[in-house]
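First comes the structure, then the notes that go with it.
Residue numbers (our numbering): 1 to 745.
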């Protein structure tokens, strides 16, 4: 009763020997496909290989030497997709794609799909895609980026890749795949209901409605259930088939000829008409959800047996026999010979070494890649031409605000990196809510700087998909809080890709995020969000946060280099309250305006900045009494406090600007902090999970003789509107008070 895998295995053999096949679900004959007998039998063989891999996975799991049992049984009809579509049609696949992957592997020589999938099942270090870090379908040669999504978080990037491919055609961009390619993405009927999936479908329809090329095929492999929760009958087709701007095609995944004709139609629409398609393939699910799923808890034995009687391998065997492509003996021989191949491969695979150290596990999170020559900066004549759009050229040597200097930097960088594209809500014609992207669309055109619909999931998904094709995406998230509902695109997709592909696939990008607090009551917590812990804890992601315009320009240049050269995901957090800050100590002093740095000047990754106190004559004081460590708005406020501390309290404090908030450069921080007697940390974000916690831990771990340490932080609260915001965020007065108390203690 519990071992349904063995029952299904035996029932297949009995049914073939006795010719007791399930009733036909379609009258379409194999010959209608115009496939040769050998080609059709090859599809059947791919189905059989996938089945035996599933069966062996259960056995290995029971023996404690296999680590994955979510199989493809019941979905083997997707082998057709590996035949109809080219191996250069980038495919984002879910976890029931064994037959598809097996058939796709046949398009290239020297790929052994049995071995590759087996190595993944046993977490062998020789696994060609993830090096044993996860059981995933993926291959650099076959243009299949590995997915770890069990739901639908891979759908937005499939949409993004298709959109980017359509844009590549328009602006003559040389993408990483042929220009006439299509993008594939499959998922289950339960995943169909996920918010991320609906976001992707909506965006695909939106773009198609606007008339944009979108060569995309979404494949819903509908087995009628998600783990134990049944999908209502006809839910998917009734939801999709009448939607505008996306072609709906249905087929029966149990019948190879039906799937083949439907897949051909979908391929032609996507490839030649450049329109999105929703291919709805009805399947069954055999053996439950996974090895630890006891299906009899929620399904009767009669229901389970009815489903097993519709085994797609039985349907395919009957078609092959009726067409005269195989005899009964041929089918049984193929089935048993495949079993032997899988068993032999498993015996070899389980003997292979696995990742055995933490260093090996972490090696592909953010590997240091060889440096490469940066693209040349624009010649002075070209720069003048660009900056005259908006009449900014004459201001390049004048002190300007952070928003303006970021704009200048983006102008230079988009010219320097011709593969860069910038997009988001209001970034185009409006130039951004805070005018940071003003004139960029006029300078580079609508194909490189463009507005998107208001959906952060789709914005980030577009960035991931575009990066797959060779673009350097610069998406903008309008406010920090808007990132929360879409963070899985960074956490679960972009940041994991190098880890699960052993760095064969990457998602380089610079994500610009306007955020942090101190907007003096404007907008409430959605616009005044000081929560950044969720960004800092993602492995491999770099979080940059400038405090002034000059650093912002230099750090943006480094962010582009890190994305382009080191293939990193960089979050560039821009403090909204400092965008247009001009004065430091008093109105009109212009103390927070800075000149635009020369194009070759950068702030290197991890390098903190120091602001030393000055005496009454304006000369720097090299005092080691106190170090204030901060970033963003906290650094700006500390700079205000520095003057009062010196003049009114005879306390000369040096200020460190962390600049790069993840990963923190603990060695550099400790080297500097160790020279001081007292350290005050000013952290504008929430106390719990704050940057200050990690800074203090780093100092404790690295310094034999600790300075006296104190910190002030924001409160563990959301930011209110009105004037009460000032009671929950550090102020200049708070910094002075804390520094004086620390000095006296």
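Every residue, glycine too, gets a C-beta built ideally from N, C-alpha and C. Since the model is a prediction, treat every value here as computed from it, not as a measurement.
Going by CA-CA distance only, name the one from 255, 190, 245 that's closest to residue 234. Translated into the one-based positions of the chain shown, residue 234 becomes position 234. Cα-wise, what sits closest to residue 234 is 190.
Closer than 6 Å by C-beta to residue 96: which residues in its own chain qualify, once you throw out the five before and the five after it? Chain order, please. On the chain shown, position 96 is the one that residue 96 refers to. Closer than 6 Å at Cβ, skipping near neighbours: 72, 75.
Three-way DSSP call (helix, strand, coil) for residue 1 in this model: The residue labelled residue 1 in the question sits at position 1 within the chain shown. Low confidence applies to residue 1: its pLDDT is 44, below 50, so where it sits in the model is not reliable, and the reading given next is rough at best. Three-state DSSP puts residue 1 in coil, outside helix and strand.
Best match in 221, 177, 225 for proximity to residue 88 [C-alpha to C-alpha]: As a working mapping, residue 88 is identified with position 88 in the chain shown. It is 177 whose Cα lies nearest to the Cα of residue 88.
From the DSSP secondary-structure annotation, give me the bridge partner or partners of residue 186. Counted from its first residue, the chain shown places residue 186 at position 186. In DSSP, residue 186 forms a bridge with 219.
Contained alpha helix (DSSP H) runs [length at least 4] in the stretch 662 to 719, N- to C-terminal order: 666 to 673, 691 to 702
Nearest CA to the CA of residue 387: which residue from 681, 596, 676, 122? Locating residue 387 in the chain shown gives position 387, counting from the first residue. Selected option, being the one with the closest Cα: 596.
Considering only C-alpha positions, which residue in the set 622, 367, 382, 284 is nearest to residue 672? The count along the chain shown starts at 1 and reaches residue 672 at position 672. Comparing Cα-Cα distances from residue 672 to each of 622, 367, 382, 284, the minimum goes to 622.
Hey, how far is the Cα of residue 382 from the Cα of residue 389? What you label residue 382 is simply residue 382 of the chain shown in a count that begins at 1. What you label residue 389 is simply residue 389 of the chain shown in a count that begins at 1. Their backbone Cα atoms lie some 11 Å apart in a straight line.
Thinking C-alpha only, which one of 220, 196, 205, 22 is nearest residue 185? Position 185 of the chain shown holds residue 185. Cα-wise, what sits closest to residue 185 is 220.
What first and last residue would you give for the beta strand (DSSP E) that runs through residue 749? This structure cannot settle anything about residue 749, because the visible part of the chain is limited to 1 through 745.
At what residues does the beta strand (DSSP E) containing residue 59 begin and finish? The count along the chain shown starts at 1 and reaches residue 59 at position 59. That residue, residue 59, is in no beta strand (DSSP E); its alpha helix (DSSP H) goes 37 to 62.
Only counting the same chain, and skipping five residues up and downstream in sequence, which positions put a Cβ closer than 7 Å to that of residue 411? Your numbering for residue 411 matches position 411 in the chain shown. Counting only Cβ-Cβ distances below 7 Å, and skipping sequence neighbours, we find 386, 387, 440, 443.
Residues of its chain near residue 495, where Cβ-Cβ distance is below 7 Å and the 5 sequence neighbours each way are ignored: Here residue 495 refers to the residue found at position 495 when the chain shown is read from its first residue. Excluding sequence neighbours, residue 495 sits near 538, 539, 540, 541, 569.
Rounded to the nearest angstrom, how far is the Cβ of residue 403 from that of residue 580, given a contact under 8 Å? Working through the chain shown from its first residue, we reach residue 403 at position 403. Working through the chain shown from its first residue, we reach residue 580 at position 580. Confirmed, Cβ separation roughly 6 Å.
For a test of the three-state rule: what should DSSP assign to residue 515, helix, strand or coil? Indexing the chain shown from 1 puts residue 515 at position 515. Correct three-state label for residue 515: strand.
Determine the burial state of residue 32: buried for a count of at least 16 other Cβ atoms within 10 Å of its Cβ, exposed for fewer. Taking the first residue of the chain shown as position 1, residue 32 is located at position 32. Answer is exposed; the Cβ neighbour count stays below 16.
Just to confirm my understanding: we take residue 44, look at its own chain, exclude 5 residues before and 5 after, and list those with CB closer than 6 Å. What are they? Translated into positions along the chain shown, residue 44 becomes position 44. Counting only Cβ-Cβ distances below 6 Å, and skipping sequence neighbours, we find 316, 320.
If contacts are defined as beta-carbon pairs under 8 Å, then residue 608 and residue 665 qualify, I think. What distance do you get, rounded to the angstrom? Taking the chain shown and counting its residues from 1, the one referred to as residue 608 is at position 608. Taking the chain shown and counting its residues from 1, the one referred to as residue 665 is at position 665. About 7 Å separates the two Cβ atoms, so the contact holds.
Between the Cα of residue 139 and the Cα atoms of 111, 157, 154, 122, which residue gives the shortest distance? What you label residue 139 is simply residue 139 of the chain shown in a count that begins at 1. Taking only the C-alpha atoms, the option nearest residue 139 is 111.
Within the chosen definition, does the stretch 422 to 434 reach the stretch 466 to 482 through at least 3 CB pairs nearer than 8 Å? yes
Counting along the chain, where does the beta strand (DSSP E) carrying residue 269 start and finish? By 1-based counting over the chain shown, the position of residue 269 is 269. Careful: residue 269 lies outside any beta strand (DSSP E), inside the alpha helix (DSSP H) at 256 to 272.
Got a sec? Which residues, its chain only, sit under 7 Å from residue 399 by beta carbon, not counting five neighbours each side? The residue given as residue 399 occupies position 399 in the chain shown. Excluding residues within five positions, the ones whose Cβ falls inside 7 Å are 590, 593, 594, 595.
Can you give the Cα-Cα distance for residue 175 and residue 3, rounded to whole angstroms? Within the chain shown, the letter at position 175 stands for residue 175. Within the chain shown, the letter at position 3 stands for residue 3. So the two alpha carbons sit approximately 48 Å from each other.
Rounded to the nearest angstrom, what separates residue 530 and residue 728 at their Cα positions? As a position in the chain shown, residue 530 is number 530, starting the count at 1. As a position in the chain shown, residue 728 is number 728, starting the count at 1. Near 11 Å, if we compare the C-alpha coordinates of residue 728 and residue 530.
Helix, strand or coil: how does DSSP classify residue 530 here? In the chain shown, the residue the question calls residue 530 occupies position 530. Coil at residue 530, not helix or strand.
When you compare only the Cα positions, how much space is there between residue 520 and residue 715? Residue 520 sits at position 520 when you count from the first residue of the chain shown. Residue 715 sits at position 715 when you count from the first residue of the chain shown. About 16 Å.
So, under 8 Å CB-CB, residue 640 and residue 582 are touching, yes? Tell me the CB distance rounded to an integer number of Å. On the chain shown, residue 640 is found 640 positions in, with the first residue counted as 1. On the chain shown, residue 582 is found 582 positions in, with the first residue counted as 1. About 13 Å; that fails the 8 Å criterion.
Contacting residues, own chain, Cβ-Cβ under 7 Å from residue 192 (five flanking each side not counted): Along the chain shown, read from residue 1 onward, the residue named residue 192 stands at position 192. Counting only Cβ-Cβ distances below 7 Å, and skipping sequence neighbours, we find 220, 236.
Hey, out of 465, 210, 449, 691, whose CA is closest to residue 407's CA? Within the chain shown, numbered from 1, the residue matching residue 407 stands at position 407. Of the listed residues, the one whose Cα sits closest to residue 407 is 449.
Could you pull out every residue in the same chain whose Cβ sits closer than 8 Å to the Cβ of residue 405, ignoring the five residues on either side in sequence? Taking the chain shown and counting its residues from 1, the one referred to as residue 405 is at position 405. Result list for residue 405: 549, 550, 552, 553, 594, 596, in chain order.
Tell me which same chain residues have a C-beta within less than 8 Å of the C-beta of residue 1, skipping the five on either side of it? Stepping through the chain shown from its first residue, residue 1 is reached at position 1. Since pLDDT at residue 1 reaches only 44, below the 50 mark, its modelled position is unreliable, and the value read off the structure follows with that caveat. Once the five neighbours on either side are set aside, the close Cβ partners of residue 1 are 296, 301.
How many angstroms separate the CA atom of residue 6 from the CA atom of residue 225? Your numbering for residue 6 matches position 6 in the chain shown. Your numbering for residue 225 matches position 225 in the chain shown. Taking the straight line joining both Cα atoms gives about 22 Å.
Skipping 5 residues on each side, what residues in its chain have a beta carbon closer than 6 Å to that of residue 128? As a working note, residue 128 is residue 128 in the chain shown. Counting only Cβ-Cβ distances below 6 Å, and skipping sequence neighbours, we find 116.
Work out the CA separation of residue 331 and residue 21 for me, nearest whole Å. Numbered from its first residue, the chain shown carries residue 21 at position 21. Numbered from its first residue, the chain shown carries residue 331 at position 331. Answer to the nearest angstrom: the Cα atoms are 13 Å apart.
As assigned by DSSP and simplified to three states, the class of residue 381: To locate residue 381, count along the chain shown from 1; it is residue 381. Helix, per DSSP.
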